[in-house]
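Trainee: Using UniProt numbering, you'd call the opening residue of the sequence shown number 1 and step up by one each time.
Every residue, glycine too, gets a C-beta built ideally from N, C-alpha and C.
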Amino acid sequence: MGSGLIRLDEEENILWQEEVRLNDEASVFLAEAFAIKLAFLRVQDTERIKIFTDSQSVLQSLESSQIHASVILDIKNILKNKKFIEFYWVKAHIGIRGIEMTDVLAKNATRKENIDHIVKIPKSWVNHQLKLIALTKWQQRWEGSQNSRFLFGMMPNINTEMLR
1 MGSGLIRLDE
11 EENILWQEEV
21 RLNDEASVFL
31 AEAFAIKLAF
41 LRVQDTERIK
51 IFTDSQSVLQ
61 SLESSQIHAS
71 VILDIKNILK
81 NKKFIEFYWV
91 KAHIGIRGIE
101 MTDVLAKNAT
111 RKENIDHIVK
121 IPKSWVNHQL
131 KLIALTKWQQ
141 RWEGSQNSRF
151 LFGMMPNINT
161 EMLR
């Protein structure tokens, strides 16, 4: 997974840009949130900055009282000290220069050999992955078993809804 960020001046000249390779388990949500966190860390506390993002989910998470990702908590803590920050949601893939450039940077970051930063994965994601692994193994055992072939003929796929 990759994350990209760019700082433009009022005339949209590039002041700096960065691409960061994240661990493969990171989601697009975590990559977007990490880019916002990194942007905050790159500017002075007294600077007035505008964050443009196409990630509604990150902006909604910042407004929510429930926090599932530690990077969101990090951003909220940073926001307590940075008073001059404005967030703007912009639609993705409509040709906005800065947004398109960050997408390219993020894509380039995925091609880097070494991981630059490991983003902490939420417990909910880990639990979901464990459930998928368990269901896959269960399905494989069910398909390979010689027992209950009549039942298998009626229900070839594991259905957890029937267990409730």
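Would you tell me roughly how many angstroms separate the C-alpha atoms of ASN147 and LYS112, rounded to the nearest one?
Mentor: 49 angstroms
Trainee: For THR53, count neighbouring Cβ atoms within 10 angstroms of its own Cβ and tell me buried if that reaches 16, exposed if not.
Mentor: buried
Trainee: If you reduce the DSSP assignment to three classes, tell me which class LYS137 lands in.
Mentor: helix
Trainee: For SER61, is the classification buried or exposed, using 16 other Cβ atoms within 10 angstroms of its Cβ as the cut-off for buried?
Mentor: buried
Trainee: Going residue by residue through the region 72-146, where are the continuous alpha helix (DSSP H) segments of at least 4 residues, counting only ones entirely within it?
Mentor: 97-110, 123-144
Trainee: Look at the Cβ atom of ILE85, then the Cβ atom of ILE133, and state whether they are nearer than 9 angstroms.
Mentor: Taking C-beta atoms as the reference points, ILE85 and ILE133 fail to come closer than 9 angstroms.
Trainee: Buried or exposed, going by whether 16 or more other CB atoms sit within 10 Å of the CB of ALA33?
Mentor: buried
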